[in-house]
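First residue of the sequence shown: 6, per the working numbering; consecutive thereafter. Ideal placement from N, C-alpha and C gives every residue a C-beta, glycine not left out.
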Amino acid sequence: MAERFKRSGLIGELSAEFAGTMVLILFGCGVVAQVVAGGALTTPPGGLGNHDSIAWAWGLGVTLGVYVAGRLSGAHLNPAVTVALATFKGFPWRKVAPYVVAQTVGAFVAALIVRWNYTEALAKADPGHTIKTQGVFSTLPANGNPNLPVHEWGAFRDQVIGTAILLLLILAVTDLLNNPPGANLAPFIVGLIVVAIGMAWGTNAGYAINPARDFGPRLASFLTGYGGAWRDQYGNLYFWVPILGPLIGGVLGAGLYKVFVGRLLPTAEPEPPGRVPAPDSER
Numbered sequence: 006m007a008e009r010f011k012r013s014g015l016i017g018e019l020s021a022e023f024a025g026t027m028v029l030i031l032f033g034c035g036v037v038a039q040v041v042a043g044g045a046l047t048t049p050p051g052g053l054g055n056h057d058s059i060a061w062a063w064g065l066g067v068t069l070g071v072y073v074a075g076r077l078s079g080a081h082l083n084p085a086v087t088v089a090l091a092t093f094k095g096f097p098w099r100k101v102a103p104y105v106v107a108q109t110v111g112a113f114v115a116a117l118i119v120r121w122n123y124t125e126a127l128a129k130a131d132p133g134h135t136i137k138t139q140g141v142f143s144t145l146p147a148n149g150n151p152n153l154p155v156h157e158w159g160a161f162r163d164q165v166i167g168t169a170i171l172l173l174l175i176l177a178v179t180d181l182l183n184n185p186p187g188a189n190l191a192p193f194i195v196g197l198i199v200v201a202i203g204m205a206w207g208t209n210a211g212y213a214i215n216p217a218r219d220f221g222p223r224l225a226s227f228l229t230g231y232g233g234a235w236r237d238q239y240g241n242l243y244f245w246v247p248i249l250g251p252l253i254g255g256v257l258g259a260g261l262y263k264v265f266v267g268r269l270l271p272t273a274e275p276e277p278p279g280r281v282p283a284p285d286s287e288r
């Protein structure tokens, strides 16, 4: 088993990142398609879920994606996580670009599956494939609501803050020198973090907090009929916001954890004599 794990190398890690991110997006974009497109066709409208069901499904998608990929790659599933871990936790920089590509391709493929599966509902709810259902695949300022005057820079601010919170908490939960959850519950806790961010920070920009999660599905929607995918409801180029904002916010959040908590934790030390059984050779 150990030899097989060793042989898998980078290819195995990238395969896991692809699969884990695909699982994440299958649940994430899938629930938005159900709520937005399917829900628009119920009587009365909105009968297939709401903001809370979206937040829970995204969080569960993260949990399940992490369980899929965790053993082989560490289950980053997010370029912001990969860049932050390379900056502060020793993840090799030479692996950053391959991880980001694998994550983005996984998100792209999953979005194509969602787009295919919900073809009829999307066509009925929004025949022109407009901004009305663009949010199924990618984020928009104020979730496309023109009544809330949030534009690119307000959404950018939101993405920096939201991703900073995400990375600060991920590092706290996974730091073995801190107080990490036991019994392999870390993926579940990370999923709850995403649920909480969705419920508290979902208004201004739809809490992408993940460049691959946004760009991959955005590209998939553009290639399948959403000609305005790169712009927001005001006609402004928007695709860069959920890419650049999370990359900056992730490094910021990881840095805050390191400064305020990580560097102050006691380092791991051997157990004092008498606390653990001595090896046979010392008896």
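- request: Compare the beta carbon distance of Gly52 and Thr168 with 8 Å and say whether it is the shorter of the two.
  value: Here residue 52 is taken as the residue at index 47 of the sequence shown, counted from 1. Here residue 168 is taken as the residue at index 163 of the sequence shown, counted from 1. Thr168 is positioned such that its CB atom lies no closer than 8 Å to that of Gly52.
message: With three or more C-beta pairs closer than 8 Å as the rule, is the region 263-272 touching the region 215-228?
response: These segments do not touch.
query: What first and last residue would you give for the alpha helix (DSSP H) that runs through Ala188?
result: As a first step, residue 188 must be located in the sequence shown, where it is residue number 183. No alpha helix (DSSP H) holds Ala188; DSSP gives it neither H nor E.
task: Pull up the distance between the alpha-carbon of Asn150 and that of Ala38, whole angstroms please.
output: Here residue 150 corresponds to residue number 145 of the sequence shown, with the count starting at 1. Here residue 38 corresponds to residue number 33 of the sequence shown, with the count starting at 1. C-alpha separation (whole angstroms): 17 Å.
- prompt: In angstroms, rounded to a whole number, what distance separates the CA positions of Gly267 and Thr92?
  reply: The residue labelled residue 267 in the question sits at position 262 within the sequence shown. The residue labelled residue 92 in the question sits at position 87 within the sequence shown. C-alpha separation (whole angstroms): 14 Å.
message: How far does the alpha helix (DSSP H) with Leu257 in it extend, from its first residue to its last?
response: The sequence position of residue 257 within the sequence shown is 252, counting from 1. Annotation for Leu257: the continuous alpha helix (DSSP H) segment containing it runs 246-265.
query: So which of Ala201, Ile198, Ser20 has the shortest CA-CA distance to Val110?
result: Residue numbering aside, residue 110 sits at position 105 when the sequence shown is read from its first letter. Nearest C-alpha to Val110 among Ala201, Ile198, Ser20: Ser20.
message: With H, G and I counted as helix, E and B as strand and the rest as coil, what does DSSP make of Leu29?
response: Within the sequence shown, numbered from 1, the residue matching residue 29 stands at position 24. Secondary structure at Leu29: helix, using DSSP grouped into helix, strand and coil.
task: Just list the alpha helix (DSSP H) runs in the region 61-114, keeping only unbroken ones of 4 residues or longer that don't cross its boundaries, in chain order.
output: The region 61-114 is shown to contain whole alpha helix (DSSP H) runs of 4 or more residues at 84-93, in chain order.
field: Status (buried if at least 16 other CB within 10 Å, exposed otherwise) for Val281
entry: Within the sequence shown, residue 281 is the residue found at index 276, counting from 1. For Val281, the pLDDT reaches just 49, beneath the cut-off of 50, and the residue's location in the model is therefore unreliable, leaving the point undetermined.
Secondary structure of Leu46, DSSP reduced to three states: The residue given as residue 46 occupies position 41 in the sequence shown. If DSSP states are grouped into helix, strand and coil, Leu46 belongs with the helices.
field: Classification of Asp57 by the beta-carbon crowding that lies within 10 angstroms, buried from 16 upward
entry: Counting from one through the sequence shown, the residue named residue 57 turns up at place 52. When all chains shown are included, Asp57 counts as exposed.
- request: Check each candidate in Leu181, Asp131, Val67, Val86 and name the one with the smallest Cα separation from Leu173.
  value: For the purposes of this step, residue 173 is taken as the residue at position 168 of the sequence shown. For Leu173, the closest alpha carbon among the candidates Leu181, Asp131, Val67, Val86 is that of Val86.
- request: Could you pull out every residue in the same chain whose Cβ sits closer than 8 Å to the Cβ of Leu270, ignoring the five residues on either side in sequence?
  value: Residue 270 sits at position 265 when you count from the first residue of the sequence shown. Cβ contact annotation for Leu270 (same chain, cutoff 8 Å, sequence separation greater than five): Asp180, Leu182, Asn183, in chain order.
- prompt: Does the region 196-209 come within contact of the region 152-165, defined as at least 3 CB pairs closer than 8 Å?
  reply: Segments in contact, yes.
query: Between the beta-carbon of Gly66 and the beta-carbon of Val40, is there less than 8 Å?
result: Stepping through the sequence shown from its first residue, residue 66 is reached at position 61. Stepping through the sequence shown from its first residue, residue 40 is reached at position 35. At the C-beta level, Gly66 and Val40 stay beyond 8 Å of one another.
field: In chain order, each alpha helix (DSSP H) run of at least 4 residues that lies wholly inside the region 128-171
entry: Runs found: 136-139.
query: Phe23 and Ala107 look like a contact to me (Cβ under 8 Å); what is the Cβ gap, rounded to whole Å?
result: Residue 23 sits at position 18 when you count from the first residue of the sequence shown. Residue 107 sits at position 102 when you count from the first residue of the sequence shown. Their Cβ separation, rounded to whole angstroms, is 5 Å, which keeps Phe23 and Ala107 in contact under 8 Å.
message: Three or more C-beta pairs under 8 Å: does that hold for the region 238-247 against the region 183-198?
response: Taking 8 Å as the limit for Cβ pairs, the verdict is that the region 183-198 does not touch the region 238-247.
- request: Would you grab the beta carbon distance between Ala130 and Ala42 for me? Rounded to a whole angstrom, and I think it's under 8 Å.
  value: Taking the sequence shown and counting its residues from 1, one reaches residue 130 at position 125. Taking the sequence shown and counting its residues from 1, one reaches residue 42 at position 37. Confirmed, about 4 Å.
query: Nearest to Pro146 by alpha carbon, out of Arg236, Leu252, Gly75, Gly35?
result: Working through the sequence shown from its first residue, we reach residue 146 at position 141. Measuring from the Cα of Pro146, the nearest candidate turns out to be Arg236.
task: Determine the DSSP secondary structure at Leu242, reduced to helix, strand or coil.
output: Numbered from 1 along the sequence shown, position 237 holds the residue referred to as residue 242. Strand.
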